[in-house]
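*Asks:* Numbering (the numbering used here), first residue to last: 88 to 1098.
Think of the CB as a built atom: it goes at the ideal place given N, C-alpha and C, for glycine as much as any other residue.
The structure is given below, and queries will be raised subsequently.
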Amino acid sequence: MLEIVNTDFAIFNKSGSTIYGPVPINTLWSGFGGNCQADNDGDPIAKYDSIANRWVISQFAITSPNPDFLQCVAVSQTGDPTGAYYRYSFSYGNQFPDYPKMAVWPDAYYITFNMFNSAGNSFLGGEACAYDRTSMLTGAAATQQCFSLGANYGGLLPSDFDGTRQPPAGSPNYLVADGAVSNQLAYWAFHTDWANSANTTLTGPTTLATAAFTSPCGGNVNACVPQSGTSQRLDTLGDRLMYRLAYRNFGDHEALVVDRSIAAGSSVGIRWYELRTGGGNSLGIVQQGTYAPDANYRWMGSIAQDSSGNIGLGYSVSSSSMHPQIRYTGRLVGDPAGTMTQGEGTIIAGAGSQNGNLSRWGDYSTIAVDPADDCTFWYANEYIPSNGSFNWRTRIASFKFPGCGTPPAPDFTISASPASQTIIQGGSTSYTVTVTAQNGFNSAVSLSAGGFGSGASGVFNPTSVTGGGVSTLSVTTTSGAAMGSFPITISGSSGSLTHSTSVTLVVNSATGGVVNGGFETGNFTGWTRSGATSVSTTPHTGSFSAQVGSTSPFNGDSTIAQTFTAPTPTGPLTFWYQVHCPDTVTYDWATASLTDNTAGTTATLLSRTCSNSGAWVQSSPASLTGGHSYTLNLLNHDDNYPGDPTYTFFDDVALAAPPAPDFAIAVSPSSQSVVQGSGTSYTVTVTAQNGFVDTVSLSASGFGSGASPTFSPTSVTGSGTSTLSVTTTSDAATGSSPITITGTSGTLNHSIGATLVVTGPPDFAISATPSSRTVTVGNSTTYTVTVTATNGFGSAVTLGAIGFGAGASGSFSPASIAGGGSSTLTATTGSTATTGTYTITITGSSGSLSHTASVTLLVNPAPASVIVNGGFETGDLTGWATSGATSVSSTAHTGTHSAQVGSSSPFSGDSSISQTFTAPTGTGHTLSFWYRVVCTDTVTYDWATVTLKDNTTNTTTTVLARTCTNNGSWVQRSVTLTGGHSYTLTLIDHDDNWINPPDPTYTLYDDISVN
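The structure is reproduced here in C-alpha cells:
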C-alpha cells in the first residue's frame, strides 16, 4: 500500500508495517533538476495502474520561480513501489493548476485542474489533460493534450479504471462535474489520438438532471460542520464532487460511481450516484441516494464498486457532541436502488477536534479496491488524536462484503461490423465477426449465419473461434440473386451457450454492369469468346467458373470479353482468377485489361502472370466512371509446348456496391467571440457525397446558459449552406464553450465542433490592499488601489474616497487611471482627528460604470505628548518661551491655530519660541513638526531655522537648516530622540528689517509632537 498526504508519502504492507518512508514527495525527483526537484508543494495524487502493474505519483511545483507552474509525475519502472521511477514534468506556463485529480485509463493518464491566474486569486476555469501513458510506461519522452472548459465548470473528475475488464476498445475517458445550474451533473467524453492530435476530441458538456438537493451550509459558506468542545466549524467542500469517479466494466454494462456532500435536514449527508454508459458515449443516472441516517454531519466521502457490483462508501462524521470520526457503509448489488443497506461501521473515533481558526478538512479522501481479490475496499481519511490546529493523523482500514469474489460463469459475446453492407447482383462483400471471451471462457464457438435471400450465401473463415477472436463472413451473390434488404442473423454456439447478433445485407440490381460475372448460367451468356474456352465446375464461389485456355496444349491466345456500361454511381471492378501454368511467364501467361471506350484508354488489370499454386487470387480494384462504356478482356496464352498446357479459371467478375450516398458538414469560422447581450454567426456547409440528394436537418448543442442558436435555413437539401446565428443575453455565462453542430438525415448523422467565446462588456474591477491600516492621530498611511480592466476596457477611471472621520482626509496619486493600473491612496490625520474605526469606500467611475472597494482605517489616539500645546489649539503660546515677534495665527496645518514666529511687518533680528521636554523612555521615539515659511527675500538675509539641544549630552542638532521660500506649502520634519533625555526645541525666524521695499519674513509652526 502507498499513502500520500500533503508533502510526504510512505509505503506499507497490508499488515500495516512500514516498508519505506515517510519521505518528502520530491525525493522521487532527486537528481531530476528544476522545480520538481526543488519544490515540494503537495496537492498530491497516488495511483496504482493495475493494467500495467505500475505506481503513479504526482504533485505540483508552484513555488519558485513563478510563473512556470509544473505538474510533476513519476511512474514506477516495475511493480515495486520502492524501486526506480521514470520522472516527468508538464508545464502550464503562468497558470496555476490547482486541485489536480488524476485517473488511470488504457490510452492515457487523465488529469483535471482548477486553473487560476499566477497570483491564485482569479479562477480561469476547469481544464482536462491527457498524459501519454504508453510512453511514460517505458520512460520515453511524453507529451500532453489539454482542453480548457471555461469558468462555468470546475472540480471535474476523470473516470478512474477499476477491475480487470478494460473499457471497450476506443472508449473515451469520461469527465463529470456539477452542471452550470443547480440539480445537474455535466459530463464530457475525452478521446485522445496520440498519432494525430488533430483527431483528439472533447465532446460535451451534456447534462443529467439529478434529484433536487441543497448545497450544505446554506450554499453561502462551506464551514458548517460542528465538533465537540469547540466553536470551530469544518469545511464540507460541498461545492464539488468528491474524488474518485470510479469506473468498472462488468461485461454487460459499464458503471461509474461518485459522491458529494449535500444538506440533509439540519445537517449534512452524502449524495451518491451510479451512472452507466449508453450509445454514442452517453451516460445516464441509474440510481442515486442520500446517506444521512441520523442528525450527525457526514462529509468528505469516497465511493467505489467491487467486482460483484457491491458499493463501498467511506466518509467523515462529526457533531457538536462528537469529535470527527472515520466511518463507512455500503450496499449489495441486489439491494433496493438508491439505498445503503449494510449499516455503518466505525474505523476510528477521533479523540480531538480541530481548532485554531482552521476550517479546512483536507481536499479529499480515497477509497480503492484491492486488485489482488477485486473485493476488498481500502479507505484512507484523517482524524484528530487530540484537540489542536494542525496535528491531524490518517488511518487506513479495509472492509469486504460477503459473497464478493464468486466468479461469474464463463461466457462469450458476439458482435459484427459493419452493421450494413450494400452490393449489386453478382457482387460480394464481407463482415468481421468478433467473439469476446468473458470470465475465463476458453471453449470453441461455432459460427453460423442465416437470412440470406435466394442467390446469396455466406462462408466463415475460420468457421469457429476458440476463446475470443475474429472470423470473416464472406457473402457472395449470383447475377440473379434476389434484390432487397435482408436481415442476416449471425450466431455463435458453444455447448449450451448461444448468442446472436444481426447485420443487414442490401442487394441492388446489376443493371448496366457486368452480366453473368459468376458464370452461374452454366454458359457464357453476355461474353464473347475466342480460342479455347469452357465453363468449369471449379468455382471461386457458386457452382461454375470460366476456363480460358485448355488442359491440352494449345497454340496462342484464348479470351473472353464483355462490353458493359458502368452504372451511376458505381463501385470498383474486381474479379478472381486461378492460373494453372507449369511453364514460365516467358512462354505462358494469364493477363487482363480494361478499355474505357468512352475515354479511349486501356488499363492493365492483371500483368502477365504464370503460377501453379492452385490458389484463387482477387484482382486489385479498378475504379470506373459512371456512365462510361468499358470492355473487359480476360486472356490466357499457351505456347503449345507438349506437356505443360496452360489455362486460367476466372470467376466472380463484379462491380462492388457504390459508396452509399452521404454528406459532410463543415463550419466557418471554427471560433467566434461575442459580448454578452449581442450576437454572432457561423456558416455551416453541407456537401453531398456519392449522389446524396436528401434533406439534412441541422442542430447545435453545447452552449452555455444565456446563449441560444438558430439556423437559417433550418435544413439543407443535397449541398448548401446555412447560417448559424447565436444570440446571448446580458447575463449569459462567460467563457469558452465547445459547441457541436450536427446534421441529421435519416440514419445518417455527422457532427463538427466549433468554439463560442462569450465575454462580458468592457468593464473594470477595483480593489485595494491592504484591507486595513492603523494610524495614530497626526500621522498618515497609504493603500494601493488597483484597477483591473476586463474585456478590453481602456477608458479613464476617476478615483474618489469617502468615509474618513473628522480631522482625516484622503488623496490619490494619480487621481485617475486609464485602462488598468494602480494608484496610491494617502490617508492623513491631523492632531485633532477623531479616533475610531472607519470604513473607507473607494469609488472608481468611468462614464456610466462605477465600482467600489472598501478598506478599514483605524485611528488611534496619539501617545500622551511630552510637548505642551504642540498644536496651539489653546489659541495662545501656553507652554512655550517666546522671544521677539511671536503670535498665534489662524492659518493652521490642522485644527484652527498655529504659531507665527516673526512679524508680518519688518522686524530686525531673531524671533523664536522654545520648549524644554523629556523624551519618553525606550527606543523608536521621534519629534516631528510642520512649518510654512513666508520669505520674499533670500536666505542670505532672511530665514527660518530649528534647533534641538540634547541637554543630557549638551549637544545641539540643526533640525531645519536656514530656509527661505514663499511657496505656501506646509512641510514636515522629524528627528529621532534618545529615550529619557532632556531636550530644548527652538523654532526661529530671522528678519533683516529691510524696508525699501519692505520684505517682512515670518514662519508658521504647527502639529509639534513626540511619537
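(1) So for Ser36, helix, strand or coil by DSSP?
(2) Nearest-angstrom Cα distance between Gln987 and Phe210?
(3) Less than 7 Å between the C-beta atoms of Ser710 and Pro746, yes or no?
(4) Which partner residues of His278 appear in the DSSP bridge assignment?
(5) Should the stretch 196-210 be regarded as contacting the stretch 168-182, the criterion being three or more beta carbon pairs within less than 8 Å?
(6) Can you name the start and end residues of the beta strand (DSSP E) that Met387 belongs to?
(7) Excluding sequence positions up to five away, which residues of its chain have a Cβ less than 8 Å from the Cβ of Thr585?
(8) Let me check one thing: in DSSP terms, what residues is Ile138 bridge-paired to?
(9) Considering only residues of the same chain and omitting the five flanking positions on each side of Asn595, which have a CB-CB separation below 8 Å?
(10) What ranges does the beta strand (DSSP E) occupy inside the stretch 810-890, keeping only unbroken runs of at least 3 residues that lie completely in it?
(11) So what does DSSP say about Gly121, is it helix, strand or coil?
(12) Identify every run of the alpha helix (DSSP H) within the stretch 975-1049, keeping only runs that are complete inside it and at least 4 residues long; order them along the chain.
(13) Take the Cβ of Val955 as the centre, count every other Cβ of all protein chains shown within 10 Å, and call the residue buried at 16 or more, exposed below.
(14) List the endpoints of the continuous alpha helix (DSSP H) containing Met189.
(15) Could you spell out the range, first to last residue, of the beta strand (DSSP E) harbouring Arg414?
(16) Is Ser317 helix, strand or coil when you go by DSSP?
(17) Would you tell me roughly how many angstroms separate the C-alpha atoms of Asp422 and Asn397, rounded to the nearest one?
(18) Which complete beta strand (DSSP E) runs does the stretch 426-464 hold, if anything under 3 residues is left out?
(19) Would you mind reading off the limits of the beta strand (DSSP E) that contains Thr105?
(20) Would you mind sorting Val557 into buried or exposed? The rule is 16 or more other CB atoms within 10 Å of its CB.
(21) Please name the residue, chosen from Phe300, Asp1029, Gly242, that lies closest to Arg327 on a Cα-to-Cα basis.
(22) Among residues of its own chain, excluding the 5 on either side of Ile138, which ones have a beta-carbon nearer than 8 Å to its beta-carbon?
(23) Throw me the rounded Cβ distance for the Gly917 and Gly865 pair, which I believe falls under 8 Å.
(24) How many angstroms separate the CA atom of Gly537 from the CA atom of Val593?
(25) Please determine, among Asp683, Ser369, Thr1090, the residue with the shortest C-alpha to C-alpha distance to Thr718.
(26) Just verifying my parser: in three-state terms, what is the DSSP assignment at Trp359?
(27) Which one of Ala751, Thr919, Tyr925 has the shortest CA to CA distance from Ile839?
(28) Taking 8 Å as the cut-off, does the stretch 734-743 touch the stretch 623-634 (at least 3 CB pairs, one atom from each stretch)?
(29) Looking at C-beta atoms only, is the number of pairs between the stretch 1047-1057 and the stretch 1009-1026 that lie closer than 8 Å three or more?
(30) Looking at C-beta atoms only, is the number of pairs between the stretch 310-329 and the stretch 446-458 that lie closer than 8 Å three or more?
(31) For Asp322, which of Lys188, Ala633, Pro654, Arg347 has the nearest alpha-carbon?
(32) Report the CB separation of Gly338 from Ala264 in whole angstroms; it is logged as a contact under 8 Å.
(33) When DSSP builds the beta bridges, which residues end up paired with His938?
(34) Shortest alpha-carbon distance to Thr834 belongs to which of Val783, Ser795, Ile853, Thr815?
(35) Count Cβ pairs between the stretch 854-865 and the stretch 933-952 that sit closer than 8 Å; are there 3 or more?
(36) Thr1090 CB to nearest chain B CB: under 7 Å?
*Replies:* Quick look at the numbers:
(1) The structure shown does not extend to residue 36, since the chain spans only 88 to 1098, so no value can be given for it.
(2) 59 Å
(3) no
(4) Looking at the DSSP output, His278 sits in a beta bridge with Thr288.
(5) yes
(6) 384-392
(7) Ser578, Gly579
(8) None, per the DSSP bridge assignment.
(9) Thr509, Ile510, Ile511, Gln512, Met570, Ala744
(10) 822-832, 835-846, 850-856, 859-863, 867-877, 883-889
(11) helix
(12) none
(13) exposed
(14) That residue, Met189, is in no alpha helix (DSSP H); its beta strand (DSSP E) goes 183-192.
(15) Segment 409-418, the beta strand (DSSP E) holding Arg414.
(16) One point to set straight first is that residue 317 is Thr, not Ser, in the sequence displayed. For Thr317, the three-state secondary structure derived from DSSP is strand.
(17) Asp422 and Asn397 have their C-alpha atoms some 9 Å from each other.
(18) Here the runs fully enclosed are 432-436, 453-456.
(19) Per DSSP, Thr105 belongs to the beta strand (DSSP E) from 105-111.
(20) exposed
(21) Gly242
(22) Val191, Pro193, Phe248, Gln253
(23) 7 Å
(24) 14 Å
(25) Asp683
(26) strand
(27) Proximity to Ile839 across Ala751, Thr919, Tyr925 peaks at Ala751, based on C-alpha coordinates.
(28) Judged by Cβ distances under 8 Å, the stretch 623-634 makes contact with the stretch 734-743, as three or more pairs qualify.
(29) yes
(30) yes
(31) Arg347
(32) In fact, because the Cβ distance is near 28 Å, the residues do not count as touching under 8 Å.
(33) Per DSSP, Gly931.
(34) Nearest of Val783, Ser795, Ile853, Thr815 to Thr834, Cα basis: Val783.
(35) Touching, yes.
(36) As a matter of chain content, chain B is missing from the structure shown, which is built from one protein chain.
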